[in-house]
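S.K.:
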């Protein structure tokens with residue numbers, strides 16, 4: 202079972218499929234043994250700490266970098282819309298937001314205006330890019346990427362510099378675009394919390410893929426907690442059930458009533474888990490009572 | 546009409562200015578002015594070798610500058626050596642090497658000052674033909690690759706991800722630059738050719754709201770500089786090449802008076 206917001210799984214081949222990719226830099230492996238697939242209408246989120254290879258993975262998948270090992274297959278004629286993590290527009294470049302829209306290919310005036318409308322900056326069409334604030338610039342970059350009507354939208358930290366309210370709105374927009382156009386979306390985020398509602402699949406990266414699955418299962422995964430700490434995991438507690446048992450060092454489990462059992466009989470990885478606390482509690486009672 | 550040396554100089558200079566304007570915009574945008582300087586200095590070595598081998602200087606200058614450009618690109622990729630020190634090393638050693646080679650060619654009569662500062666007043670019909678055919682090729686190629694080249698200039702990764710061949714675009718730009726050096730060296734000389742690339746483009750920046758507009762304005766400012774500089778040089782008997790650059794500088798300074806704002810916007814941590 203996938204999240205309610207996810208579209209029906211399609212049988213069409215994936216937009217991109219990377220298998221066992223590894224990339225070296227500065228005498229070490231930046232990423233290694235990374236598998237990644239994005240299909241039509243699917244939102245895949247990469248999370249991981251700084252320097253975990255998120256951007257390197259995305260660049261390898263897009264062909265900006267040539268990976269040192271592994272293979273990347275892109276659907277023929279794949280149209281990509283990319284918002285890179287770092288982009289500086291120097292003052293020497295005379296560039297209006299409107300001209301930015303057609304940077305890598307022609308885009309009709311109607312599509313340019315529509316994209317600016319959607320990202321909430323229609324009034325900035327004639328503004329010089331170098332004069333925009335950080336948040337406005339991010340919106341302009343996102344508008345540019347969606348104005349191309351891409352098959353695959355790749356967003357590397359797309360909401361940096363945007364305030365929290367704007368952040369939620371932009372993620373809602375990204376989800377909406379996915380539903381309207383059926384494009385696949387590959388997202389990089391440092392913050393699992395905000396992207397959860399829309400994401401189908403989360404890949405937790407730390408040079409290699411530590412864990413993956415639905416946002417809930419990743420948030421509960423020990424590997425994710427080890428990487429981000431319990432505090433980060435707790436910050437998404439709203440999406441998780443309350444644990445009524447504690448895992449002991451020896452592998453046994455202390456239940457809520459203080460008794461100790463051999464197992465909680467609870468699979469942290471399966472996706473079909475019902476996270477309603479009630480269901481969970483009764484579940485527990487059924488298995489562990491006594 | 547082209548029989549008059551002054552008219553020939555005007556026609557040749559205007560041809561060079563039209564090519565240098567748009568190309569110079571990319572030099573300014575990509576911050577490769579010193580890179581262009583290095584290529585220009587290496588042109589003197591090319592001229593010396595052309596004298597030595599008794600071959601047409603244009604081709605040898607193009608060849609030598611291209612080799613220097615390609616090795617600079619390769620060096621920069623390999624390590625961080627493509628720094629200003631590396632550029633300076635190549636620029637001045639090739640200039641010095643060229644001068645040393647020339648000093649051995651005792652049987653050749655040449656005017657060093659005309660090599661360094663240009664000799665636009667002595668252009669021939671053949672030079673004009675070369676400037677306009679070469680210039681047409683350069684501008685045609687530039688228009689052909691304009692969009693992907695500009696996209697790669699704004700951001701290499703973005704352009705590459707969305708299908709532009711950024712590295713190939715950069716390579717073509719380098720070839721167009723060395724070709725421009727080869728055809729323009731006679732007009733402004735080794736030392737001042739970068740000025741003709743960057744000064745009109747820099748002057749055009751303050752009046753432009755888009756890259757295409759800036760390219761056209763830079764060509765226009767270049768033409769004004771050539772006409773103004775040559776007229777002044779005739780009037781006051783000043784050296785022609787430097788006078789053109791001084792005229793371009795005057796245009797730039799006039800542009801400074803016009804109020805404008807400066808700043809850089811950056812997305813993401815740097």
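Residue numbers (our numbering), protein chains in the order written: chain A, 202 to 491; chain B, 546 to 815. A virtual CB, placed ideally from N, CA and C, is assigned to each residue, including glycine.
1) Under 8 Å: do the region 762-778 of chain B and the region 293-313 of chain A share three or more Cβ pairs, one atom per stretch?
2) Is there a Cβ from chain A that is less than 9 Å from the Cβ of residue 786 of chain B?
3) Closest Cβ-Cβ distance between residue 486 of chain A and chain B: below 9 Å?
4) Residues of chain B with CB closer than 8 Å to the CB of residue 535 of chain A, please, in chain order.
5) Under 9 Å between C-beta atoms, does residue 802 of chain B make it to chain A?
6) Is residue 285 of chain A closer than 9 Å to residue 709 of chain B when the C-beta atoms are compared?
7) Which residues share a DSSP beta bridge with residue 226 of chain A?
8) Please report the distance separating the alpha-carbon of residue 425 of chain A from that of residue 231 of chain A.
9) Counting along the chain, where does the beta strand (DSSP E) carrying residue 270 of chain A start and finish?
10) Leaving out five residues on either side along the sequence, give the residues of the same chain with a beta carbon under 6 Å from the beta carbon of residue 733 of chain B.
11) Hey, does residue 290 of chain A have any beta-carbon neighbour from chain B nearer than 9 Å?
12) Please classify residue 554 of chain B: does DSSP put it in a helix, a strand, or coil?
13) Indicate the three-state DSSP secondary structure (helix, strand or coil) for residue 586 of chain B in the structure shown.
14) Near residue 672 of chain B, what residues of its chain come up, given a Cβ to Cβ distance below 7 Å and the 5 sequence neighbours on each side ignored?
15) Alpha carbon to alpha carbon, what distance is there between residue 348 of chain A and residue 281 of chain A?
16) Could you check the C-alpha separation between residue 401 of chain A and residue 374 of chain A for me, to the nearest Å?
17) Which residues in the same chain as residue 767 of chain B place their Cβ atom closer than 6 Å to its Cβ, once the five residues preceding and following it in sequence are excluded?
18) With residue 246 of chain A as the anchor, note down where its beta strand (DSSP E) starts and where it stops.
19) Between residue 353 of chain A and residue 219 of chain A, what straight-line distance do the alpha-carbon atoms span, to the nearest angstrom?
20) Need the endpoints of the alpha helix (DSSP H) that residue 711 of chain B sits in, please.
21) Below 8 Å on C-beta distance, what does residue 643 of chain B contact in chain A?
22) Considering Cα atoms alone, identify which of A:222, A:266, A:301, A:249 is closest to residue 412 of chain A.
23) Between residue 591 of chain B and the rest of its own chain, which residues show a CB-CB distance below 6 Å, the 5 nearest in sequence each way excluded?
24) Tell whether a beta-carbon distance below 9 Å holds between residue 328 of chain A and residue 297 of chain A.
25) Could you please give me the residues that DSSP links to residue 668 of chain B through a beta bridge?
26) Tell me which residues share the same chain as residue 302 of chain A and place their Cβ nearer than 6 Å to its Cβ, disregarding the 5 neighbours each side in the sequence.
27) To which residues of the same chain is residue 261 of chain A closer than 6 Å at the C-beta, ignoring the five residues directly before and after it?
28) Exposed or buried, what is residue 320 of chain A when buried is set at 16 or more other beta-carbons lying within 10 Å of its beta-carbon?
29) Let's test the definition: count the other Cβ atoms within 10 Å of the Cβ of residue 252 of chain A and tell me whether it reaches 16, buried, or not, exposed.
30) Based on the DSSP output, what are the partners of residue 412 of chain A in its beta bridges?
31) Counting only the same chain and skipping the five closest in sequence on each side, list residues whose C-beta sits under 7 Å from that of residue 357 of chain A.
32) Go to residue 650 of chain B, then tell me how far its beta strand (DSSP E) extends in each direction, as first and last residue.
33) For the region 676-698 of chain B, which residues have a CB atom closer than 8 Å to at least one CB atom of chain A, in sequence order?
34) Find the residues of chain E that neighbour residue 297 of chain A, judging by a C-beta separation of less than 9 Å, and give them in chain order.
35) I'd like to know whether the C-beta of residue 217 of chain A is nearer than 9 Å to at least one C-beta of chain B.
36) Can you give me, in chain order, the residues of the region 247-265 of chain A that have a beta carbon less than 8 Å from any beta carbon in chain B?
M.R.: Walking through what the data contain:
1) no
2) Residue 786 of chain B sits at position 241 when you count from the first residue of the second chain. So, not an interface residue.
3) Your numbering for residue 486 of chain A matches position 285 in the first chain. Only weak support exists for where residue 486 of chain A lies, its pLDDT of 38 falling under 50; the value from the coordinates is given anyway. No, because no Cβ of chain B sits closer than 9 Å to the Cβ of residue 486 of chain A.
4) Here chain A comprises residues numbered 202 to 491, so residue 535 of chain A is not present and cannot be evaluated.
5) Along the second chain, one-based indexing puts residue 802 of chain B at 257. Not closer than 9 Å to any Cβ of chain A, the Cβ of residue 802 of chain B fails to qualify, so no.
6) The sequence position of residue 709 of chain B within the second chain is 164, counting from 1. The sequence position of residue 285 of chain A within the first chain is 84, counting from 1. Not a contact, by the Cβ cut-off of 9 Å.
7) For the purposes of this step, residue 226 of chain A is taken as residue 25 along the first chain, with counting starting at 1. In the DSSP output, where bridge partners are listed per residue, residue 226 of chain A has A:229.
8) As a first step, residue 425 of chain A is located in the first chain; it is residue number 224 there, counting from the start. As a first step, residue 231 of chain A is located in the first chain; it is residue number 30 there, counting from the start. Each residue's alpha carbon lies about 19 Å from the other.
9) To locate residue 270 of chain A, count along the first chain from 1; it is residue 69. Residue 270 of chain A -> beta strand (DSSP E) spans 270-275.
10) Within the second chain, the letter at position 188 stands for residue 733 of chain B. The answer, listed in chain order, is 663, 741, 786.
11) As a working note, residue 290 of chain A is residue 89 in the first chain. Yes, its Cβ sits closer than 9 Å to a Cβ of chain B.
12) Locating residue 554 of chain B in the second chain gives position 9, where the first residue counts as 1. Reduced to three states, the DSSP call for residue 554 of chain B is helix.
13) Looking up residue 586 of chain B in the second chain gives position 41. Looking at residue 586 of chain B - three-state DSSP - the assignment turns out to be helix.
14) Residue numbering aside, residue 672 of chain B sits at position 127 when the second chain is read from its first letter. Correct list, in chain order: 557, 731.
15) Position 80 of the first chain, counted from the start, is the residue given in the question as residue 281 of chain A. Position 147 of the first chain, counted from the start, is the residue given in the question as residue 348 of chain A. Using only the alpha carbons, I get a separation of about 11 Å.
16) Residue 401 of chain A sits at position 200 when you count from the first residue of the first chain. Residue 374 of chain A sits at position 173 when you count from the first residue of the first chain. When rounded, the distance between both Cα atoms is 16 Å.
17) For the purposes of this step, residue 767 of chain B is taken as residue 222 along the second chain, with counting starting at 1. Excluding residues within five positions, the ones whose Cβ falls inside 6 Å are 562, 565, 566, 745.
18) To locate residue 246 of chain A, count along the first chain from 1; it is residue 45. Residue 246 of chain A -> beta strand (DSSP E) spans 244-248.
19) The residue you call residue 353 of chain A lines up with position 152 of the first chain. The residue you call residue 219 of chain A lines up with position 18 of the first chain. Their Cα atoms are separated by approximately 14 Å.
20) Translated into the one-based positions of the second chain, residue 711 of chain B becomes position 166. Counting along the chain, the alpha helix (DSSP H) containing residue 711 of chain B begins and ends at 711-750.
21) The residue labelled residue 643 of chain B in the question sits at position 98 within the second chain. Going along chain A, no residue has its Cβ under 8 Å from residue 643 of chain B, so there is no contact; the nearest lies around 31 Å.
22) Mapped onto the first chain, residue 412 of chain A falls at position 211. Among A:222, A:266, A:301, A:249, the Cα nearest to that of residue 412 of chain A belongs to A:249.
23) For the purposes of this step, residue 591 of chain B is identified with residue 46 of the second chain, where counting begins at 1. Correct list, in chain order: 605, 606, 609.
24) As a position in the first chain, residue 328 of chain A is number 127, starting the count at 1. As a position in the first chain, residue 297 of chain A is number 96, starting the count at 1. Against a cut-off of 9 Å, the Cβ pair of residue 297 of chain A and residue 328 of chain A comes out as a contact.
25) Locating residue 668 of chain B in the second chain gives position 123, counting from the first residue. Residue 668 of chain B is not bridged to any residue.
26) Reading the first chain from its first residue, position 101 is the one you call residue 302 of chain A. 308, 313, 345, 348, listed in sequence order.
27) The residue given as residue 261 of chain A occupies position 60 in the first chain. Closer than 6 Å at Cβ, skipping near neighbours: 222, 224, 268.
28) Locating residue 320 of chain A in the first chain gives position 119, where the first residue counts as 1. So residue 320 of chain A ends up on the buried side.
29) For this step, residue 252 of chain A is matched to residue 51 along the first chain. Per the 10 Å Cβ criterion, exposed.
30) Locating residue 412 of chain A in the first chain gives position 211, counting from the first residue. Answer by DSSP bridge pairing, in chain order: A:405.
31) Here residue 357 of chain A is taken as the residue at index 156 of the first chain, counted from 1. 256, 259, 284, 285, 286, 389.
32) Looking up residue 650 of chain B in the second chain gives position 105. Premise fails: residue 650 of chain B is in no beta strand (DSSP E) and is neither H nor E.
33) 692, 693, 695, 696, 698
34) You won't find chain E in this structure, because its protein chains are A and B.
35) As a first step, residue 217 of chain A must be located in the first chain, where it is residue number 16. So no, residue 217 of chain A is outside the interface.
36) 260, 263, 264, 265
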